[in-house]
Structures are given as structure tokens and as C-alpha cells.
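Shown next, in C-alpha cells, is the structure this report addresses.
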Amino acid sequence: MTTDRIADPWGTRTPYQPGTEWPERVDTYLADGIAPESVDRWVQSAAVLHSNGDGLDIAVKDGRIVGVRGRAVDRVNHGRLDPKDLFGWQANASPDRLTTPLVRVGGELKPCDWDTAMGRIVERSRHLLDTRGPSSIGFYTSGQLFLEAYYTQGAVAHGAIGTNHVDGNTRLCTATAAEALKESFGCDGQPGSYTDVDHADVIALFGHNVAETQTVLWARMLDRLAGESPPAIVCVDPRLTPVARRATVHLAPMPGTNVALMNGLLREIIAHGWVDRDYIDANTVGFDELQGRVEAFPPERVAEICGVAADDIRSAARLLGTAERLLSTVLQGFYQSHQATAAAVQVNNIHLVRGMLGKPGCGVLQMNGQPTAENTRECGADGDLAGFRNWSNDSHIAELAQLWNLEPLQIPHYAPPTHAMQMFRFAEEGTLRMLWVTATNPAVSLPELARVRDILSQERLFLVVQDIFMTETAALADVVLPAAAWGEKTGTFTNADRTVHLSEKAVEPPGSARSDLDIFLDYARRMDFRDKDGQPFPPWTDPESAFEAWKKCSAGRPCDYTGLTYEKLRGGSGIQWPCNAEHPDGTERLYSDNKFWSHPDYCEAYGKDLITGAPLQPDEYRSMNPYAKAVIKAAQYVPPHERPSPDYPFALITGRTVYHFHTRTKTARAPQLQAAAPEVWVEVSASDARRLGIGEGDAVEVRTPRGCVVCAARICGIRDGVLFVPFHYGYWDADAGGHHRAGNELTLTDWDPVSKQPIFKTAAAKLHKSRVRHAGGNGGAAAHPAAVAEAVPAGGQP
Numbered sequence: 001m002t003t004d005r006i007a008d009p010w011g012t013r014t015p016y017q018p019g020t021e022w023p024e025r026v027d028t029y030l031a032d033g034i035a036p037e038s039v040d041r042w043v044q045s046a047a048v049l050h051s052n053g054d055g056l057d058i059a060v061k062d063g064r065i066v067g068v069r070g071r072a073v074d075r076v077n078h079g080r081l082d083p084k085d086l087f088g089w090q091a092n093a094s095p096d097r098l099t100t101p102l103v104r105v106g107g108e109l110k111p112c113d114w115d116t117a118m119g120r121i122v123e124r125s126r127h128l129l130d131t132r133g134p135s136s137i138g139f140y141t142s143g144q145l146f147l148e149a150y151y152t153q154g155a156v157a158h159g160a161i162g163t164n165h166v167d168g169n170t171r172l173c174t175a176t177a178a179e180a181l182k183e184s185f186g187c188d189g190q191p192g193s194y195t196d197v198d199h200a201d202v203i204a205l206f207g208h209n210v211a212e213t214q215t216v217l218w219a220r221m222l223d224r225l226a227g228e229s230p231p232a233i234v235c236v237d238p239r240l241t242p243v244a245r246r247a248t249v250h251l252a253p254m255p256g257t258n259v260a261l262m263n264g265l266l267r268e269i270i271a272h273g274w275v276d277r278d279y280i281d282a283n284t285v286g287f288d289e290l291q292g293r294v295e296a297f298p299p300e301r302v303a304e305i306c307g308v309a310a311d312d313i314r315s316a317a318r319l320l321g322t323a324e325r326l327l328s329t330v331l332q333g334f335y336q337s338h339q340a341t342a343a344a345v346q347v348n349n350i351h352l353v354r355g356m357l358g359k360p361g362c363g364v365l366q367m368n369g370q371p372t373a374e375n376t377r378e379c380g381a382d383g384d385l386a387g388f389r390n391w392s393n394d395s396h397i398a399e400l401a402q403l404w405n406l407e408p409l410q411i412p413h414y415a416p417p418t419h420a421m422q423m424f425r426f427a428e429e430g431t432l433r434m435l436w437v438t439a440t441n442p443a444v445s446l447p448e449l450a451r452v453r454d455i456l457s458q459e460r461l462f463l464v465v466q467d468i469f470m471t472e473t474a475a476l477a478d479v480v481l482p483a484a485a486w487g488e489k490t491g492t493f494t495n496a497d498r499t500v501h502l503s504e505k506a507v508e509p510p511g512s513a514r515s516d517l518d519i520f521l522d523y524a525r526r527m528d529f530r531d532k533d534g535q536p537f538p539p540w541t542d543p544e545s546a547f548e549a550w551k552k553c554s555a556g557r558p559c560d561y562t563g564l565t566y567e568k569l570r571g572g573s574g575i576q577w578p579c580n581a582e583h584p585d586g587t588e589r590l591y592s593d594n595k596f597w598s599h600p601d602y603c604e605a606y607g608k609d610l611i612t613g614a615p616l617q618p619d620e621y622r623s624m625n626p627y628a629k630a631v632i633k634a635a636q637y638v639p640p641h642e643r644p645s646p647d648y649p650f651a652l653i654t655g656r657t658v659y660h661f662h663t664r665t666k667t668a669r670a671p672q673l674q675a676a677a678p679e680v681w682v683e684v685s686a687s688d689a690r691r692l693g694i695g696e697g698d699a700v701e702v703r704t705p706r707g708c709v710v711c712a713a714r715i716c717g718i719r720d721g722v723l724f725v726p727f728h729y730g731y732w733d734a735d736a737g738g739h740h741r742a743g744n745e746l747t748l749t750d751w752d753p754v755s756k757q758p759i760f761k762t763a764a765a766k767l768h769k770s771r772v773r774h775a776g777g778n779g780g781a782a783a784h785p786a787a788v789a790e791a792v793p794a795g796g797q798p
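Per UniProt numbering, residue 1 is the first one in the sequence shown, and the count goes up by one each step.
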């Protein structure tokens, strides 16, 4: 690897023309002293530190992981790897891995054996089920486990225990993606494919800083830009990101105004006749309402609301409206706001009114923030039911009960599965008494951290944490279970464009750590869960038998895996679902036949009011959409709940940097990644910095009504009146005198009414120089390569 992939996260260019195949470029990184020919074996896997799904091979020597290389044959990356792929594997061998269970004794966590730890969990579970019932137990999972573990966890929670309290940190990053797809198409499932980049003449990115959240996908776009007939780029982001710097039109709206902007763009498209009336009439419902709604949003009004130029709105609308092949992507800039679903649905509406679905270069990708977020939704390990089944459709519940050989009433369906923010509220109120947290760190990632710490620290809450390191959340637990990491277990996972990969076990986990699947199955056996015939439930025993059980659950549903096997996934590329007898090689794009999964008897959801979140009743939906068409759904603009004021004059947004994933549990233990971005910072515009007398690297305080973060200032191309703080950093900075540094000290407890996704993008804040010397301040901002620092790091959490 000759290119410095810290300074240049995207690597060298391999230009190509529209309609041709993306050239291969195999990225490799091996530990010092390891030559490729000395590697004992290469083990097939895929990336787990972002949602792109890059296919890779793990290098193993003397029983340990010593590096990675990209899989040239893989459809997702053609051999390329993200910097986190290249270096993040080093965390597996970190000396502070959890290697034995821990239980709290006398206020301290003490090592113990598995029987002791699991005995504590089983004893508390049985006591709560006997005295308080299933609703006293909740499960909060991740977007990083494998499909087999999610399906098992969902079966145990929904089926064996019968609790409705099952969600994941995917609620923070991908809930709106799922909800927006349900609203428009009746069901989850990304319509587009990464290969649409190869054909599109316009690529529009809505709140999606792909350059840092999915570097390999951005490399694909950069290669198109470097080739003949490059696509035009439309970027919607308040920051001058690497994407914005390459954009044909960059729209930088004030945070919280996305629906107004989208209504303005749709108004221009409709007013100029850039619509496909034949497609609209044959395949959609709701166009007339949309046309009437957006009429109130001419460019001048939108410019006033959003703080962007009216001519830029017109220019962007012209590109969107006249594109012959339009690809749109959406991520946290739209998802983590008070009108998240309403804004994301309007992106779908652009494609519906233009008839741009199911054809090469024409697609929508409502992106995920995590590598296996799609699997949580498919398997029912978040606020959904397994197989994209509709919780309010009794026949769907009966199907699931038959698959699991349980009574239908055992599966809770009196209300939708409880979303994460409500689960933590129930814990705060004392009705939820046991919370099992898997592979996530809510003590850093959830909003309003002072409140979250108080909830997790309650004596009456029995907290189980299953992880690979002693995270901030694990430190508060009653029982800590050491889990096997990626590369130490076998399973499948699915990326943002429905590509299923197999990840093979490369090495043994350290100490007595166990895979998540084994832990859940052990719990089920110790609890002696049984189906209605008295047989052990779940009946599967290992990854492959769990996968085969999942295939039966997915049969006939949109996410149909019945054509896949472990053997079919070995040796080649990942394969996109649905993969079945009709599509034995997978399905590149959905809705190419203009048939949607929206029939009232088949759909995953009946939809909600985009302003209030109130669900539609089955008969309302049936009346509105009896013939399984796509739904064009209009939305009125509502201002943010917390807006800048004289006391708090800035709009604060939080998000990611390219070098870290989530709360740095793994990436902070990779030397190259940690050195690239070791400390938190705040981004501020040059004019705002001058006005406040702030220089580059100065120690500053960022404060909202909920808390304060002390960090270094970085002066950059963010729009005036907006601040950005990355959320990755733990909540306590001992080196800076014991001051808070987690972005979520600042964010508020509020969520989108439809997707229930928390709001990380619209907090009111103030900024001033700090008297406290910060580790990254008074001597230059936190280390960050110039190539990215100039372009500003990026965009969305969970």
C-alpha cells in the first residue's frame, strides 16, 4: 500500500465511463514484518466499521489476525477498503479485551465463570417474569452483530419471553431509512443498488457525507467524476464537506429546514413539467395532494426559511428534474432531525414523480449508518417483526407463530415494538427492570447523557452488557459478558444495498469469550424455553442451522433468502436479496417491474401521519391504496423544536469523522486511526470565529441548555450560525482536568414522531473561549490530516 490512506482516505483514482464496469483496485494492509507470501491463510469476510459492506479477506498467521486485503471479486468494492477496514482489525488483539464474565459484588465488578454470570441473569429473568411479567425485560442491541444472532435474539425476546421491548442503536441511525421506505413502498428494502453509480448522470446526496461515512462508495463516485461524461453532483449539507467541494450545486440549509427545502425542489420539478405523468397515474397514489402542498414553497420563500440562495434552489431542481438517470442517497443529515421521515419521504417522491426507479442509474438508497443495520430490521431485533411482517396484521402474526411453533398470543402485537427512547423512559420510570445491552455503548451514543447515566446507574435496573471491551456502559453493568469479535465467529450480514456477505471465523476469541449467538442460545437453554410441543426453543444450535431457520422465516417475504446458502456465499461476491427460485443470482434493483410490496394484505406497515406519527388503521390504508401502488406522501414544514435564540445563537449538529466508528470502542485501539483524530473538536465558520475572537486550536466551550463540552476550535467551511461536534468521544476527559467531551452531553431528548429517531441535528448552542486548557487546544486543533480537515469531517451518528 503506497498511498497514505490516513492522509488520503479514498486512495488512487481508476477513472471509468458511464455504463462500464468499475475497475478493480485491491487494497491491502499487513502488520509490520508480515509479507503476503508468509500469511498462513486468507479467510473470507466483509467490513464491519461502516455500512458499505466492503468484501475483504482476513490474513491469519500463527493463529492471529495480521492484516486484511480487499476482495477484487466483490460487487460492492471491487477490492477497495476504507481506512477503518485497513487498520481497525488491530483492535481485536488489544490487551484490554474482555476475556471472562464479570458480576457486580459489593459495588465492584469481579471476574467469575460463565455459570455464575448466566446464573445471575437467569435468576433475575425468572423473578421478573414471575412477579412483573414480560414487559419488565428489554433488549437493546446493535447494528454490528450477525444475522444469525439477531434472529435468535428476536425469537427469544418476542417469542420465548413475549416482551415488546426490543430495539437497537439502529434507532439512532437507520430507523428513518426503514420508515421512509415503508411510507412510500409499503415495506422496507432499498430500491437502488451501488451499481447505479456506474450509470447515473446526476447523483444527489441529501445529508449524506459519503466521502467519510462510506469512503469506498465515494471512491466509486470520484472515479466516475474522473472519467469521461462525469455525473453532476447535488449536495445538501450545511458543512463544506469533501462531497460539497465536488458538487455542481451545494445547498447548505440551516439545520431543521430540510422539509421546506424538499418541498421547494419538488415544486420546481412539478411546475416545470419535469414529471412522468404516465408513470404517476399507473403506479402511484397521492400526487394531487403533493402538488397542492408544495405550491406554497416557491424558491424565494424556501430561500428565506433555509438560508440558501433562490437561484441555487432553481439550479438544483433543474438538475434533479432533467436528469435522465438520477441516483439519490440519504443519511443522517436528514434522519436525525425533527421531521426526519417527512424529509426522507420527499426524496422518494422525487423518484416517484419522475418515474426513476428500477432502471440502471435510477434509484434511491436510504442509507444505513451501521454494517448490519439491515439485518436488525429483517430479523425483528429492532422495532420490527421478523421477515418484514406487519405487527398489526393478524395473519402475519399467525405466520410467525407457526414458524416458531408458538401460540399467536405469545408474540406481543398489541402495539408496535417499543422504540429505544421509550424503553429508556420505561427504565427511568421503573417499569422496565432488566435491560440487556449488546455491542453498543448508550452511555456515550444516546442524547442528553446526564439523564442516560442516571437511568443506567439505577439500583433497581438490572443491567446486562455483552461486549468486547469495558465500555462506559459496561462499567455501569450488573453483569458483563465477554463477546467474540468480528473475525472470531461465523455468520452473515447484509449491507445498505441488500448485499449479503458471509464472514468466516478466522481465529479463536480470547480467553473464555463467546459469540453472541452462543450466548443467546445458552440463555435460552438455561431458561428452558419451549415451543408449544415442549421442544427446546429456539431449536437451532449453530450459525448455519440458525441461517437455515431464518431462510424459512424469510420465504415469500420481500427479504427472501431461500436461494442463499453458506456454500453459495463462499469464494465469490456478496449477493443481493431477494434471492430465491425466481431470482437465483439475487436482485440488483427493486421495482423494475413496477410492482410494489404495498398490498394491504402483504405490506409491512400501513403508514403514519408524517406530522404527528399517528398510525393509519388497516381500513384507512386499504381504502387509500387497494391496488398495491407506491404512495406519494406530502408533508407540511414544521420549524425545529429548539431554535437559536439570543442566549443560544448557534444551531448545533453532531456527527462522524472518517477515522472513527461510533464511540471509538474499536477504532481508538487502532494506532493509525486514533492518531488521526485523538480528541474532540468543534467546527465553526471563519466569520463566526472572527466575531468571537476565536483562533484555530483555541480551547472553547460549547454549551446547550443540557450541558457543556470543552474542546479545540477548528475553523472551516461550515455555514455561519452552525456548529459541528463529532459524537465519538467518551464523556470524560481526564487529561483536560475532568471536563466533559462527549457531543451527546449537548443533545436533547426528542425524536421524529414517525421513525422515533432521536434528534441530533437541531440543538441551540452558544460558543465562547474557555479558561480551561484543553488537550487539543492552545496549540493547534486535534490532529487531523489536511486533506480532510480542509474539507471538514463528517456527518451523522448513531
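Built from N, CA and C at the ideal position, the CB exists for glycine as well.
- The beta carbon of Ser315 sits closer than 6 Å to the beta carbons of Val249 from its chain, once the five residues preceding and following it are set aside; these are given in chain order.
- For the 8 Å CB-CB criterion, Glu148 and Gly491 form a contact.
- Beta-bridge pairing by DSSP links Trp681 to Ala712.
- In the three-state scheme derived from DSSP, where H, G and I count as helix and E and B as strand, Ala344 is classed as helix.
- Looking only at Phe139, Phe547, Pro558, Leu86, the smallest Cα-Cα distance to Val216 is reached by Leu86.
- The three-state secondary structure of Cys235, taken from DSSP, is strand.
- Ranked by Cα distance from Gln291, the first of Glu300, Cys306, Trp274, Gly655 is Trp274.
- Looking at the backbone, the Cα of Val73 and that of Ala160 are separated by about 41 Å.
- Thr663 and Ser445 have their alpha carbons spaced roughly 7 Å apart.
- In terms of Cα proximity to Lys532, the closest of Ala323, Gly79, Leu403 is Leu403.
- DSSP places Ser45 within a strand segment (E or B) once states are collapsed to three.
- For Met434, the enclosing beta strand (DSSP E) starts and ends at 434-438.
- Restricting attention to Pro618, Ala244, Leu102, the CA atom closest to the CA of Cys603 is found in Pro618.
- Cβ neighbours of Ala477 within its own chain (closer than 6 Å, five residues either side excluded): Leu463, Val465.
- Across the set Leu145, Ala713, Leu56, Gly79, the C-alpha of Leu56 shows the shortest separation from the C-alpha of Val68.
- Ranked by how close their Cα comes to the Cα of His165, the residues Asn77, Arg669, Leu435, Arg589 have Leu435 in first place.
- Taking a cut-off of 8 Å for Cβ pairs, the stretch 164-178 and the stretch 375-393 touch, as three or more such pairs fall below it.
- Scanning Cys711, Phe661, Arg690 for the CA closest to the CA of Asp698 turns up Cys711.
- In the structure shown, Glu324 adopts coil according to DSSP, grouped into three states.
- Rounded to the nearest angstrom, the gap between the Cα atoms of Lys766 and Thr704 is 7 Å.
- In this structure, DSSP gives Glu108 an extended state, which the three-state scheme calls strand.
- The C-beta distance from Tyr606 to Ser392 rounds to 7 Å, short enough to fall under 8 Å.
- When only Cα atoms are considered, Lys551 and Arg557 end up about 10 Å apart.
- Look at Arg557 here: in three-state DSSP terms it is coil, with no helix or strand label.
- Separation of the CB atoms of Phe727 and Thr654 is rounded to 5 Å, and the pair is thereby assigned contact status at 8 Å.
- Linking Lys505 to Gly487 through their CA atoms gives a straight-line distance of about 5 Å.
- Taking the C-beta atoms as reference points, Glu448 is found no nearer than 8 Å to Thr762.
- Relative to Gly162, the option among Leu129, Glu304, Thr562 whose CA is nearest is Leu129.
- By a beta-carbon distance limit of 8 Å, Ala252 does not contact Arg589. Their separation comes to about 31 Å.
- Note that the stretch 25-33 does not touch the stretch 679-687; fewer than 3 beta-carbon pairs, one per stretch, sit closer than 8 Å.
- Between the C-alpha atoms of Arg656 and Gln214 there is a straight-line separation of about 11 Å.
- Asp167 and Tyr140 have their alpha carbons spaced roughly 5 Å apart.
- Between Leu352 and Ala630, the beta carbon gap of about 6 Å places them in contact (Cβ cut-off 8 Å).
- Taking C-beta atoms under 8 Å as the contact rule, Leu261 and Val243 fail to qualify, at a distance of about 16 Å.
- Note that the C-beta distance between Pro584 and Gly571 is not below 8 Å.
- Rounded to whole angstroms, Thr14 and Arg25 show a C-alpha spacing of 8 Å.
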